[in-house]
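If you read the sequence shown in my numbering, its first letter stands for residue 35, the second for the next number, and so on. Glycine included, C-beta positions come from ideal geometry on N, C-alpha and C. Only one structure is covered here, and it is reproduced in the block below.
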Amino acid sequence: MAAQVLERMPGRVKFAVAGVWAQAVTNLVAGGSVLSEVDSRLDHGQEVASPGLARGLAYFSIAVAVLLAVSSLFAQKRFGWVWTVFVIVETLAVVGALFGILAVWLGLQGVSETSVVISLVLPLAIGGALITGRGQDWFSR
């Protein structure tokens, strides 16, 4: 029976996992807030432009939060699928941030420049930590 050596997770991967946890919590709070707001407005007779779309996006946000949280729990186990999930979600986050930049450039209301910058920088930093040699090595046994 071969003795297993417990390796320490590289610092960049720890940063990436912590960032993914932050994204999971943020997605969960955002999805719950949107659902609450839509329900509150409808309960009080206020008009909601597209309640189905808003609810669909809120449920999608909650599903992504759960996916990120579960993946983060398995990051220590070094499963390859965790790396794949992280990279796909971070890529989608960058694309979403680019749409946010377009919205700021077009001057759409309700889009904060600060939030768009954060939503672009965080996934780029996490993705950068994951696609480096150590990040990929950690998730490939």
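Assigned exposure category for residue i - 16 Cβ within 10 Å defines buried
i	result
Leu102	buried
Asp92	As written in the sequence, residue 92 is Ala, which differs from the Asp given in the question. Ala92 should be labelled buried.
Ser67	exposed
Leu140	exposed
Ser146	exposed
Ala58	buried
Ala127	buried
Met35	Because Met35 sits at a pLDDT of 47, beneath the cut-off of 50, its placement in the model cannot be relied upon, and the following sentence gives the value as read from the coordinates. With fewer than 16 other Cβ atoms within 10 Å, it is exposed.
Beta carbon of residue i nearer than 7 angstroms to that of residue j
i	j	result
Ala163	Phe49	yes
Val72	Val63	no
Trp172	Val47	yes
Pro85	Arg168	no
Distance, residue j Cα to residue i Cα
i	j	result
Leu142	Lys111	43 angstroms
Ile125	Phe94	This sequence places Thr at residue 125; Ile is not what is there. If you take the alpha carbons of Thr125 and Phe94, they lie about 16 angstroms apart.
Gly53	Trp117	14 angstroms
Ile160	Gly65	22 angstroms
Ser106	Leu154	20 angstroms
Ile152	Ala99	18 angstroms
Phe108	Ile165	18 angstroms
Ala56	Leu156	10 angstroms
Arg75	Ile96	20 angstroms
Gly28	Arg89	Residue 28 lies beyond the stretch modelled for the chain, which goes from 35 to 175, so this question has no answer here.
Gly114	Val129	23 angstroms
Continuous alpha helix (DSSP H) stretch holding residue i: start and end
i	result
Gly79	Element bounds for Gly79: n/a, residue is neither H nor E.
Arg89	85-107
Gln170	167-173
Phe133	114-140
Nearest neighbour of residue i, chosen from the options [CA to CA]
i	options	result
Gly134	Leu156, Ser149, Leu158	Ser149
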